[in-house]
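I have placed the structure first, in the form of structure tokens, so that the comments after it can refer back to it.
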Amino acid sequence: MSAPPLLAVEGMSLDFRTRDGRVKALDGISFEVQRGEILGIVGESGSGKSVSAYAIMDLLDDNAELGAARLDFAGADLLAGDRSALRGMRGREISMIFQSPRTALNPIRPVGKQIEDVLVRHGPVPRRQAKEKAIAALRKVRIPDPERRYDAYPFELSGGMCQRVMIAMALACEPMLLIADEPTTGLDVTTQAVILDLVRDLVDHSRMAAILITHDLGLAGEYCDRVVVMHAGHVVETAPVADLLARPAHPYSARLIAATPSSASSVDGLASIPGNLPNLLRDDLPLCRFRERCDRAIARCDSDPLPATEVAPGHLVRCWRPL
Ligand SMILES: Nc1ncnc2c1ncn2[C@@H]1O[C@H](COP(=O)(O)OP(=O)(O)OP(=O)(O)O)[C@@H](O)[C@H]1O
1 MSAPPLLAVE
11 GMSLDFRTRD
21 GRVKALDGIS
31 FEVQRGEILG
41 IVGESGSGKS
51 VSAYAIMDLL
61 DDNAELGAAR
71 LDFAGADLLA
81 GDRSALRGMR
91 GREISMIFQS
101 PRTALNPIRP
111 VGKQIEDVLV
121 RHGPVPRRQA
131 KEKAIAALRK
141 VRIPDPERRY
151 DAYPFELSGG
161 MCQRVMIAMA
171 LACEPMLLIA
181 DEPTTGLDVT
191 TQAVILDLVR
201 DLVDHSRMAA
211 ILITHDLGLA
221 GEYCDRVVVM
231 HAGHVVETAP
241 VADLLARPAH
251 PYSARLIAAT
261 PSSASSVDGL
271 ASIPGNLPNL
281 LRDDLPLCRF
291 RERCDRAIAR
301 CDSDPLPATE
311 VAPGHLVRCW
321 RPL
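Residue 1 is where the sequence shown starts when you use full-length UniProt numbering, and the numbers rise one by one after that.
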């Protein structure tokens, strides 16, 4: 028997009510995060990666309508019970880091104090012990000379240092799950490697698991254990990363891989995948949202709900005609 997952998302759907109609941003997505792993979520811009994370964090805009068969975290049912208590639990146990760390940090407060604020807000840490813990958090993310950097303002630090401060803040309360949404966008390749090596190291040597949201399949290949491929609000494939890269089963995944010639490239603005994501405002969205871009489609794709087929252990694909 395998251990229960840390996070289980099952049949999650999300619509946004807008003036133009309903945006069907997620449609019955399912995935799990196991303890001790980094799960990659990859896909083009607009595929629903970020809103999936916001749904887990309960950070959706007011125009959102969320439904799910199951949303469990660390044994707690996030769909049932007291919403504010669950929010508190999520705030402590799930941390999220975003791109553009500079804009996420308060520009007029020293970074060390900002870490202290998080510690005092979420943990049972008295103010007088918070400084020591904040410096320890800076040291943990390998910021050189943390005692001095504690007093620095964000503008005095490089982008990479700011992202490390964000990670220090995210990790200060020792969350069980770190969600990193494009955490290295805009950083140079060396800094990117430092940040992601750090996340990998923390996952390998503490109780924390992570979700890495990225456009960059090369990056996912390097740092993730398993990958979820999203297309237009569907999870089309889930697999151990090496298996996905060697034997993609969904035609979309295969195109993503073919369009990612080296680990340095990203799937951002993919010119080589013909067609666009379908307009998620449409009322007559096809059963398979990749249908109009697919050269393997058969009549059944238009008539029958997509099956979920296990093509290898832990390797699932939602397609009537996988590769
Ligand atoms: N508040 C909102 N109101 C209406 N539509 C929204 C809202 N937030 C997100 N969406 C839509 O939901 C879909 C999924 O967006 P999401 O940001 O999750 O994509 P993504 O895969 O993370 O892309 P990116 O990599 O560009 O961030 C998009 O079509 C987006 O326009």
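Where is the CB? At the ideal position from N, CA and C, for every residue including glycine.
Going by C-alpha to C-alpha distance, which of the options sits closest to residue i?
i	options	result
P89	G67, M57, R70, S100	Contrary to the premise, residue 89 reads as Met rather than Pro in this sequence. Among G67, M57, R70, S100, the Cα nearest to that of M89 is on M57.
L59	G81, A254, I94	I94
W320	A312, A80, R139, R296	R296
D181	P101, K140, P154	P101
A68	D62, L78, V235, A232	L78
R17	G28, L6, E10, L66	L66
S45	P248, M230, I298	M230
T309	D284, T260, P248	P248
C224	K133, P4, Q34	Q34
E32	K24, L7, V23	L7
R207	L177, L306, V189	L177
L219	G28, R22, I38	I38
R289	V311, I298, G233, D243	G233
S30	S158, V23, K49	K49
H250	D216, R291, G275	R291
Pop quiz: residue i and residue j are said to be a contact at Cβ under 8 angstroms. What is the actual Cβ separation, rounded to whole angstroms?
i	j	result
L277	S47	7 angstroms
I143	R164	5 angstroms
I97	G112	Between G112 and I97 the Cβ distance is about 18 angstroms, and since that is not below 8 angstroms, they are no contact.
V194	G160	7 angstroms
A80	L14	Rounded, the Cβ-Cβ distance is 18 angstroms, inconsistent with contact.
M12	A55	6 angstroms
V141	K133	About 13 angstroms separates the two Cβ atoms, so there is no contact after all.
Are residue i and residue j closer than 8 angstroms when you measure CB to CB?
i	j	result
A130	E147	no
A168	A137	yes
L196	D20	no
A239	R226	yes
T214	V42	yes
D151	P110	yes
M254	L323	It is Ala, not Met, that sits at residue 254 in the sequence shown. Their beta carbons are under 8 angstroms apart, which means A254 touches L323 by this criterion.
C173	V118	yes
V236	R318	yes
G36	Q99	no
Enumerate, from N- to C-terminal direction, the unbroken beta strand (DSSP E) stretches of 3 or more residues contained entirely within the region 23-96. 38-42, 64-67, 70-73
Which complete alpha helix (DSSP H) runs does the region 122-160 hold, if anything under 4 residues is left out? 127-140, 146-149
Which parts of the region 186-260 are runs of the alpha helix (DSSP H), unbroken and 4 residues or longer, counting only runs that do not cross its ends? 189-205, 217-223, 241-246, 251-258
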